[in-house]
Amino acid sequence: MNEAAKDGTAGWSVSRSNVDQMNQVMKIVDEDLRAGALGVGVGSAYMARGLTTYEQFEVQRTAGRYGRLTAVHTRFHASASTPTEGQLGVSEILANAMVLRAPLLVCHDNDYGWWENQEKLQMARAQGFNVWAEYYPFAAGSTAIGADFLRP
């Protein structure tokens, strides 16, 4: 049995929440935002099949109620294959942010399709929406942390 299964979290990335579970999660998110959290981070790239579009919408709505941002590592991140192009993940959360008038930060927008995402974000900002993207300064897929480049 793997470690994730021992603590009851096996399948978290592909298991969809039912309404009661989603409401429980949103309650916790709401409590944390009321306590002063700066925003909410969502790793939808890691749970593209387990996170419903409605759950993504609800977390953005919950953060938006407080004027806080939702930072999202988007669904289909870095995919260049139709019908799962990375831009679809950005379009999903950008549409939510715009209808909710909620702040948004697109995480790691320097992969395939970044130019399309940036055009959409710029157009939304020109209309007064608080939507942005950030770029990672390392090679794609580099989750290791190190400072070898500083070695004398």
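Numbering (this note's numbering), first residue to last: 3 to 154. Each residue gets a CB set at the ideal place from its N, CA and C atoms; glycine is no exception.
So, do the segment 94-108 and the segment 23-38 have three or more beta carbon pairs nearer to each other than 8 Å?
They do not touch, by the three-pair rule.
Could you give the distance in angstroms between the alpha-carbon of M3 and the alpha-carbon of V21?
Residue placement at M3 cannot be trusted, given a pLDDT of 47 that sits under 50; the coordinates are not used to answer.
Three-state class that DSSP yields for T55 in the structure shown
helix
Locate the beta strand (DSSP E) running through L40, then write down its first and last residues.
Here L40 belongs to no beta strand (DSSP E), and DSSP marks it neither H nor E.
Nearest candidate by alpha-carbon position, reference H110, set T86, V27, N132 and V44:
It is V44.
Report the rounded CA-to-CA distance for V42 versus A126, giving the unit in angstroms.
21 Å
Beta-ladder partner(s) of T72, from DSSP
V42 and L106
According to DSSP, is V16 part of a helix, a strand, or is it coil?
coil
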